[in-house]
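Residue numbering for the sequence shown follows the UniProt record's numbering, starting at 1 and increasing by one per position. Have a look at the structure below before the remarks.
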Amino acid sequence: MSKQTQETGGAPKWSGSFGFIMAAAGSAVGMGNLWRFPMLVGESGGGAFVLVYLICIFLVGIPLIIAEISIGRAGGKDAFGSYKALNSKWGGVGILAVITSFIGLSYYAVLGGWVLRYIFVSVTGLPKSSEEFFVSFTSSTGSQIIYYLVFMIITVAIVVMGIQKGIEKSCKVMMPLLIVCLIVIVIRSCTLPGAGKGIRFFLKPDFSKLTPGVFLSALGQVFFSLSLGTGATITYGAYLGKDQNIPKSAASIAFFDTIVAMIAGFAILPAVFAFGFSPESGPSLMFQTLPAVFDEMTGGKIFGVVFFVLVLFAAISTSIAFLEVVVSFAVNTFKVSRAKASVISAALITCLGIPCALSFGIWSDIKIAGRTFFDLGDYLVSNVSLPIGGILACIFIGWVWKSKNAEKEVTNNGRISFKLVNVWSVLIKFILPIVILIIFITSNPWIMNLFK
């Protein structure tokens, strides 16, 4: 029996721990690492915030990654199938994860399409007014749909090829190249005149800014950055061999995600400050501010292309994880081929995604509960389903599947040493559900208003 079809009833497998770590890290490393984390650090205490963030990674991020991997590997199927295999009454939590990834990819692919467009335009040079170009492009119905479809086709092409030949192989290439591209940008950015202002903004410790709100921001960034609750880690965990070290893999995934976010700060902020631009968080930083920076920079065309290529790697590695969650569910539930499941799933996601793409143009006035299609999808995933999925995962492991069963899975039935296993169990059962509940409440103002 080949490596790809061993164990768990012939389910596909990663070729080894490195392939799994690169794929899982790829699902976590997304555009948020590039446009949100650097600004969050700079505005929230610099080096002091980084210290808080690392503590949150250790106490929240890694334990939750361990939990989700253990569910996937023990269940041996997709998110729905794994929950159901461990407890027949809990399959609904897996369905929530599948829906989360379905909706998540529908609007995430919009941003992926933007990145493709910016790569092509960067080759010839962006127009002088990056803001005008952004508005013109995003309001163009034809351009939005074309680039959305191209991005989805790339995503489907990788997922169709399977675990080892598609997802693993692509992530083994994209993730190291992403780091290389980031380092190239860092070298150029940090050697610009005036770059020191950006470095100080990013890392100068200011402990006076460490308010309770900043701690919550750090917790939220950890939770959302690692794609917890999307079902991706559970699905990828199902392809992990029984001899692999789950705690070590979880720590490696969190470490890689954090390193990318930190390097991104050194790549982006020094250049932004060097040319006197105001740093902003979110898509405007990536699609308006940075193109203007590259336009001012000597050799800006080259560095602009390099930057948007690395952003494309981050976008694709996340999108294939989203699609794999849906595809693996379809393959196991409806007994269809991977190719058919991939194409049909992508087509259905695209049907939901096109309205999201048009939210910046002809459908910008169509709103549900005061939100455009794009904003509604983002809200439902980030503010609702992700934290709910995280809470339910903790409850499932700690109180339904039982910690002892989870501990056996995490330690490979006692064959590997995990000295913090008791601490991990306490965190999962008692601490993390409360922490995630706080994140859920604070990210939904309407809940706070109920108590006023």
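We put the CB at the ideal spot given by N, CA and C, even for glycine. From a predicted model like this one, the values you see are computed outputs, not experimental measurements.
Span separating the alpha-carbon of residue i from that of residue j
{"i": "Met262", "j": "Val29", "result": "12 Å"}
{"i": "Phe207", "j": "Gly45", "result": "6 Å"}
{"i": "Met286", "j": "Trp399", "result": "43 Å"}
{"i": "Ile103", "j": "Ser342", "result": "15 Å"}
{"i": "Lys404", "j": "Ile302", "result": "54 Å"}
{"i": "Ser122", "j": "Gly26", "result": "24 Å"}
{"i": "Val293", "j": "Phe37", "result": "19 Å"}
{"i": "Phe451", "j": "Pro445", "result": "10 Å"}
{"i": "Ser385", "j": "Ile391", "result": "10 Å"}
{"i": "Leu210", "j": "Ile439", "result": "17 Å"}
{"i": "Pro291", "j": "Ser130", "result": "6 Å"}
{"i": "Val135", "j": "Gly125", "result": "17 Å"}
{"i": "Ile259", "j": "Gly304", "result": "21 Å"}
{"i": "Phe80", "j": "Ile71", "result": "11 Å"}
{"i": "Leu54", "j": "Ile362", "result": "43 Å"}
{"i": "Ser284", "j": "Leu219", "result": "23 Å"}
{"i": "Ile447", "j": "Leu182", "result": "40 Å"}
{"i": "Phe18", "j": "Tyr236", "result": "13 Å"}
{"i": "Val421", "j": "Leu216", "result": "26 Å"}
{"i": "Trp14", "j": "Glu132", "result": "45 Å"}
{"i": "Cys190", "j": "Leu203", "result": "13 Å"}
{"i": "Ile349", "j": "Glu407", "result": "37 Å"}
{"i": "Lys3", "j": "Val98", "result": "Confidence at Lys3 is low in this model, with a pLDDT of 41, below 50, so the placement of that residue should be treated as unreliable; the coordinate-derived value is given next. When rounded, the distance between both Cα atoms is 26 Å."}
{"i": "Gly75", "j": "Tyr239", "result": "10 Å"}
{"i": "Glu43", "j": "Phe201", "result": "8 Å"}
Residue burial classification, residue i (beta-carbon count within 10 angstroms, cutoff 16)
{"i": "Ser249", "result": "buried"}
{"i": "Asp365", "result": "exposed"}
{"i": "Cys56", "result": "buried"}
{"i": "Gly282", "result": "exposed"}
{"i": "residue 458", "result": "A query on residue 458 cannot be resolved here, the shown segment of the chain reaching from 1 to 452 and no further."}
{"i": "Cys394", "result": "buried"}
{"i": "Asn332", "result": "buried"}
{"i": "Ile65", "result": "buried"}
{"i": "Ser351", "result": "The question names Ser, yet the displayed sequence has Cys at residue 351. By the neighbour-count rule (16 or more Cβ atoms within 10 Å), Cys351 is not buried but exposed."}
{"i": "Phe120", "result": "exposed"}
{"i": "Pro212", "result": "exposed"}
{"i": "Met1", "result": "Here Met1 scores only 34 on pLDDT, less than 50, and its place in the model is too uncertain to base an answer on."}
{"i": "Pro387", "result": "buried"}
{"i": "Pro193", "result": "exposed"}
{"i": "Arg415", "result": "exposed"}
{"i": "Glu324", "result": "buried"}
{"i": "Gly265", "result": "buried"}
{"i": "Thr298", "result": "exposed"}
DSSP-derived helix/strand/coil call for residue i
{"i": "Arg415", "result": "coil"}
{"i": "Trp399", "result": "helix"}
{"i": "Ala25", "result": "helix"}
{"i": "Lys13", "result": "coil"}
{"i": "Phe451", "result": "coil"}
{"i": "Thr191", "result": "coil"}
{"i": "Thr230", "result": "coil"}
{"i": "Met39", "result": "helix"}
{"i": "Ser425", "result": "helix"}
{"i": "Leu420", "result": "coil"}
{"i": "Leu86", "result": "helix"}
{"i": "Asn405", "result": "helix"}
{"i": "Gly211", "result": "It is worth fixing the name first, because residue 211 is Thr in this sequence and not Gly. Three-state result, Thr211: coil."}
{"i": "Gln244", "result": "coil"}
{"i": "Ser319", "result": "helix"}
{"i": "Pro445", "result": "helix"}
{"i": "Ser143", "result": "helix"}
{"i": "Met174", "result": "helix"}
{"i": "Ser106", "result": "helix"}
{"i": "Lys30", "result": "The sequence given here places Gly at residue 30; Lys does not occur at that position. DSSP places Gly30 in coil when its eight states are reduced to three."}
{"i": "Tyr118", "result": "helix"}
{"i": "Gly112", "result": "helix"}
{"i": "Lys204", "result": "coil"}
{"i": "Gly125", "result": "coil"}
{"i": "Tyr239", "result": "coil"}
Q.
Taking 8 Å as the cut-off, does the stretch 355-364 touch the stretch 106-117 (at least 3 CB pairs, one atom from each stretch)?
A. yes
Q. If you scan the stretch 327-396 from start to end, which runs of the alpha helix (DSSP H) of 4 or more residues do you find wholly inside it?
A. 338-357, 373-379 and 386-395
Q) Are at least three pairs of beta-carbons, each pair with one atom in the stretch 19-33 and one in the stretch 221-230, less than 8 Å apart? A) yes
Q) Does the stretch 362-377 touch the stretch 405-413, meaning 3 or more C-beta pairs lie closer than 8 Å? A) no
Q. Hey, which unbroken runs of the alpha helix (DSSP H) at 4 residues or more fall wholly within the stretch 46-82?
A. 47-56 and 62-75
Q: May I have a chain-ordered list of the alpha helix (DSSP H) segments no shorter than 4 residues that lie completely inside the stretch 248-304?
A: 290-296
Q. So does the stretch 296-316 actually touch the stretch 173-191, counting three or more Cβ pairs closer than 8 Å?
A. yes
(Q) Closer than 8 Å is the cut-off here; do at least three beta carbon pairs connect the stretch 243-258 with the stretch 162-171? (A) no
Q) Below 8 Å, can you find three or more Cβ-Cβ pairs linking the stretch 79-92 to the stretch 270-277? A) no
Q. Between the stretch 197-213 and the stretch 321-340, do at least 3 Cβ pairs fall closer than 8 Å?
A. no
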